[in-house]
Structures are given as C-alpha cells and as structure tokens.
Amino acid sequence: MSISPGQSGSPWWHLALKAGAVCGFTGVYIVGVGVFSAFGARSVLAHAVSLGQLLLLAVAFTGGWYAVSNRQLKPFERWLASAGTGLLAGLSYAAVLLMARSANVQGLFVAFNQPTLSAALLGQSGAGAIAALAGLASVTALAGAAIRQCPSTVRRTILAAAVAVLFGALLRDLWVSLFSTLLRGRWWVSTIYVSSGGLTWVGAGIAVLAGVAWQIAHYLIGQRRTPMIDVVILMVAALLVPFLTNAFVAQVMLLVGLYALMGMGLNIELGLAGLLDLGFVAFFAIGAYATALLTSDSPLALAHLSFWEALPIATLCAAAGGFIFGLPVLRVRGDYLALATLGLGEIVRIIVVSDMAAPAIGGAQGIVGIPRPKLIDHPMVSQLSLYYLTFALACLVAFAAWRLQHSPVGRAWTAARDDEDVAATLGLDLVRSKLRAYVLGAAFAGVAGALFATTLGSVFPQSLRLDVSINVLALLVIGGLGSLPGVFVGSLILIGLPEFLREFGEYRYLFYGFVLILVMRVRPQGLWPAPLSARHG
3 MSISPGQSGS PWWHLALKAG AVCGFTGVYI VGVGVFSAFG ARSVLAHAVS
53 LGQLLLLAVA FTGGWYAVSN RQLKPFERWL ASAGTGLLAG LSYAAVLLMA
103 RSANVQGLFV AFNQPTLSAA LLGQSGAGAI AALAGLASVT ALAGAAIRQC
153 PSTVRRTILA AAVAVLFGAL LRDLWVSLFS TLLRGRWWVS TIYVSSGGLT
203 WVGAGIAVLA GVAWQIAHYL IGQRRTPMID VVILMVAALL VPFLTNAFVA
253 QVMLLVGLYA LMGMGLNIEL GLAGLLDLGF VAFFAIGAYA TALLTSDSPL
303 ALAHLSFWEA LPIATLCAAA GGFIFGLPVL RVRGDYLALA TLGLGEIVRI
353 IVVSDMAAPA IGGAQGIVGI PRPKLIDHPM VSQLSLYYLT FALACLVAFA
403 AWRLQHSPVG RAWTAARDDE DVAATLGLDL VRSKLRAYVL GAAFAGVAGA
453 LFATTLGSVF PQSLRLDVSI NVLALLVIGG LGSLPGVFVG SLILIGLPEF
503 LREFGEYRYL FYGFVLILVM RVRPQGLWPA PLSARHG
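Numbering of the sequence shown is given in my numbering, commencing with residue 3 and proceeding in unit increments.
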C-alpha cells in the first residue's frame, strides 16, 4: 500500500502506524542484506557513530520528516504522528531483530549473525533493547519533524552542514590528498580525522562551518549567479582536482569523463530527440573495436595507425553503425523503439563473443596490445595525462553538442520529442530528423569507445555489457535530460562516487536504485536540469 501525505480523513495514528511499519521494515532490510555490517566498518563521527548506524537513524529521521508534512492534520497531530512513527519504527525493528537473534536464523539470512544483531540492537537485549531503540527512533523522528518545520533558509543550512559532515568523512582519502598538496604536508590530518577514518569533533565542526559557509554564499550570490558561471566553476574543479590529488583520483575522473562522453551522445538521442536507446553500448563497442583493429600490435590488426589517425575513423565507423541500425528501427516510437534498440545492442554483443567473428575481432579473447596515445612523440602513459586527454575531448564534444542543441536541427529534435504528430503536420521529416540524432549520438559514443580502448590497452567483450547502456541512461536521468552540465554531474555522482567508496562495491546497484528513486521523488527534472525543464519543474 502506498503512503501519501495528502490523504484526507485519516487520523494521525493511522499515518503513524503505516509510516512506522515502513520505516521499521526498512531498518530490518538494511540489517538483513548486510548493508549495516558493511557500512558499520566506516566511522563517520569520531568513534561514536558509524555509517551503518547513521543509515538507520536516517530512516527514522525521514519518517518523522514525512509524517509532519501531512497538511491534512492539525499541527499538534502532525507532531504526534512524527513521534508515533519513530516509536513504532523502533518497536517493530527491535522486535524483529530480537526474534531473529533468539531463533538463530543465520542459516537462512547470513547477515543475521550474532555480532551484527548485537551491534544493530546497541548491545542491549530484551526490554532494554526495545526501550532504547524505540526512544532513539522517536527522538530522531522528532528531530526530522523539527527541521522540516524550520524556515526554508534554516532548513537548507542545517541539511548542508549535515551533508558536509557526511562527505567529509566518506571522502577522507580525497580530502587528505587534496589538502596535503595545498597545505604542504599532513600535519593537520590527526586533528581532523581519527584512525578509523571518521571525523574528529574538531573535524566535524570544520565540516559544519564549511556547509554553513557554502549555504550562505549560495544565498548571497544565488540571484546574481548565471548558468555559465556554474559551468566555469565545474570545469575549473575538473581541471584542478586530479592535478592536486593523486593517480587514483585521476583514474576515477577518467572513468567519469568516458561515461560523460557517452552521456552526451545519448543526451542527443534521448534528451533532445526523445529516442530511448537501450542498445547504446553497441556504438561504444564499435568505436573501441575499430580503434583496436587500427592501432594494436595484435595479429588481428588491420593497420598500425596512431591514436589520432584512428580516432576519426573509429568515430565514422560508429556513426555508420548508427545509420545502419537506425534505418530499420526509427519508424517506430516509444516502448517499441526501446525494445528494438535493445535487440540490436544484444545482436552486436552476441556477434562480438561468437566463434564466427573470432578470426576477425578475437571473440571472447578480445584484442590486446593497443598502444597509448602520443603527444609530440611522447606517450601519454600517466593516468593524469590520459584524464586531460579525455577532458579535452569531452569539452570538444560538449561544445559540438551545445551548438547542435541551439541550432535549427536541435530545435527540430525538440519539436519531434515534444509532439511527433504536430511536428509532422508542420512539415518535419521525422525519420530524417531522428536518424540524424541517432547517427550523431552514435558518433559521440564512438569517441568514448576509442578512448576506452587506448586507455585500457585492450578490448574485451566483458566490458561491453548491457549495464553500460543502463548506467548511461541512469546518469542522464539523475543529471537532467537535455542538460549538458547535468551529464557531467550525473556521471560524477553515479560513476565517480561509488569508485571512491569501493568497499561498498557489492551494493553499487542498490545505491543506483536508491539514488534514482530519490531523484525522481524529490527532483524529477534532475540535479542540473535544462533551462526549460527548470522553469517548468
């Protein structure tokens, strides 16, 4: 049963009962799938609060926030609903975990082992655990309700400070690497961080001040800020952060750049022309394999060109693939188009791994021996140099995409996306317009594939699965459909952030799903929407 804050005629306890049950089940789920134990190893604040504990508190906090938002209730009843939500969440959570501990269900649920259950119950047992968890959940839910009732400026400042503390703790290695360069040493690390990786109380205070300062600056200059200033800030940060940190950060940003390149291609197809392409990875594969065949030292090589000579050829090959694939499928629309492109993408994957194509492209063994690019006869071997190559090509592709978006061609795509029937009535050739978008999107994916092949030094079919297309689609949704800066922001959040938190890698897709649902509920137009979407959002 779905819960809606707008339900009328329901008493406050009815809302508290449903919201409390959902929050309690969510807490049990977090423990049951192993998220609590995996995240429990990462400290957030001194040695007092772990990330697993913070996640459980966030569930109760969200429940209180949600309950107090019900405008159908009287003000006092909203507070009762929030407190009741926390109380029932704590009671149901404690009751289920106590039963799991007494029944010893570890054979069925591996994560329900005794050490994990003891930590999840705060080391208490019986009535003590129930009282402690019910009280803690109630207080946390009331805190969420209180912050929700604050004025908008105060609420945003508190949330900005909380986010600053969270990211200050989680991205410890990034901040240490960055500020060790800026401050010429690591003398400050023990003051800010404890040995387990969490912030000290001093570090938490600094993070709070940073979050408050960010919100104040946003409030003071927000009215005078233009989208171009935001883009410039984003580009400067993308240029400087890898240079001021280490090779690992450069490697992560390189991956972010590759997905951003693919995202800009799919953004033309989906964000501008409205073509949902679930086989987009096929064009990425064409660019990668074309580069491998033209540059590698493998016996399968067709030539021994440099990367710069092979790049335009690989791009043209991907564009040709887009033209060939587009002709039979672009006369359909909607779900049928998505299924058709999914089928074409799977056809390419099956051909790549087949024994029939193995003599030409290596089959499951792939192609190895792809040389790194050279700049004035100097091989680009470091992760930093490869990142800057990716950054330069991404900027070039972004400029081309921006020009296309604001050209008559881009306006034709937008018209076809908004209403195909009206666009056709006005004389727009829908198939030609769609085919143009499909070919250009494929070409951008080919550039990303060429970069992928030369940076990795090899190409294997295992790197070209369907989930690549899904990831690119997801980063577009998170960043904002039709928004070029949103492509970079979505790639940074969906691709870069999990790379910095590699110990949580097995929960990557759980994280993807949660972020997608959160964005769809809170900001459906994306984190950095296109100007038109922002106005209508």
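From the three backbone atoms N, C-alpha and C, an ideal C-beta is built for every residue, glycine too.
Only a predicted model underlies this, so the values are computations on that prediction, with no experimental measurement involved.
What is the DSSP secondary structure of residue i, counted as helix, strand or coil?
i, result
"P244", "helix"
"I378", "coil"
"S460", "strand"
"A403", "helix"
"V334", "coil"
"K76", "coil"
"F282", "coil"
"H408", "coil"
"A359", "coil"
"G66", "helix"
"H220", "helix"
"L503", "coil"
"S84", "helix"
"M3", "Confidence at M3 is low in this model, with a pLDDT of 35, below 50, so its placement is unreliable and the value that follows should be read with caution. In the structure shown, M3 sits in coil (DSSP, three-state: anything other than H, G, I, E or B)."
"S308", "coil"
"L466", "coil"
"D423", "helix"
"T155", "helix"
"F38", "helix"
"P533", "helix"
"G498", "helix"
"Q527", "coil"
"L329", "helix"
Tell me residue i's beta-bridge partners as DSSP assigns them.
i, result
"Y195", "L201"
"S387", "S387 pairs with nothing; no bridge assigned."
"S45", "S52"
"I369", "V461"
Quick test of your reading: residue i and residue j, contact by CB under 8 Å. State the CB separation rounded to the nearest angstrom.
i, j, result
"A145", "F63", "6 Å"
"G484", "G267", "Not confirmed; about 13 Å, so no contact."
"D279", "T343", "5 Å"
"Y440", "I363", "That pair is no contact at about 23 Å."
"L256", "Q385", "6 Å"
"V33", "T118", "7 Å"
"A23", "S94", "6 Å"
"L304", "L296", "6 Å"
"A139", "A91", "5 Å"
"K436", "L332", "4 Å"
Take residue i and list the residues in its own chain whose beta-carbon comes closer than 6 Å to its own, dropping the five residues that flank it on each side.
i, result
"W14", "L75, E79, L82, A83"
"I149", "R157, I160"
"L124", "A134"
"A147", "G66, V70, S84"
"L53", "F41, R44, V46"
"S298", "I369, G371, I372"
"L58", "G29"
Out of the options, which has the shortest C-alpha to C-alpha gap to residue i?
i, options, result
"L246", "T183, Y440, A212, S71", "T183"
"S300", "D420, Q367, V141, L332", "Q367"
"H49", "Y511, T202, L499", "T202"
"A164", "W216, A121, L499, Q151", "W216"
"L242", "W67, F393, G92", "F393"
"G448", "A312, F114, Y338, R467", "A312"
"I352", "Q464, L173, L388", "Q464"
"I270", "S308, S460, L236, S409", "S409"
"A143", "G207, F114, S308, A60", "A60"
"F38", "L99, A445, G86, A18", "L99"
"T87", "V433, A136, G207", "A136"
"D379", "S197, S179, W310", "W310"
"V354", "A239, V283, A403, A206", "V283"
"D232", "L89, L486, Y68, D175", "L486"
"F250", "V191, L180, V334, V210", "L180"
Can you name, in chain order, every residue of its own chain whose Cβ lies under 8 Å from the Cβ of residue i, other than the five neighbours on each side?
i, result
"L529", "I480, G481, G482, G488, V491, G492, I495, V521"
"V204", "T193, I194"
"G539", "For G539, the predicted model reports a pLDDT of 48, less than 50, meaning its position is unreliable; a value from the coordinates is still stated below. So the qualifying residues of the chain are R525, P526, Q527, P531."
"R563", "Outside the shown range of the chain, which is 3 to 539, sits residue 563, and nothing can be said about it."
"L512", "V35, V37"
Could you pull out every residue in the same chain whose Cβ sits closer than 7 Å to the Cβ of residue i, ignoring the five residues on either side in sequence?
i, result
"A396", "G259, A262, L263"
"I5", "Model confidence at I5 stands at a pLDDT of 44, short of 50, so the residue's coordinates are unreliable and nothing is read from them."
"A455", "A290, T293, A294, I372, V461"
"Y514", "A476, L496"
"A450", "L260, L263, M264, F286, G289"
"L478", "G265, L268, N269, L272, G273, V489, G492"
Closer than 8 Å: is that where the CB of residue i sits relative to any heavy atom of the ligand MN?
i, result
"L58", "Annotation note on the ligand MN: not contained in the displayed structure, which lists no ligands."
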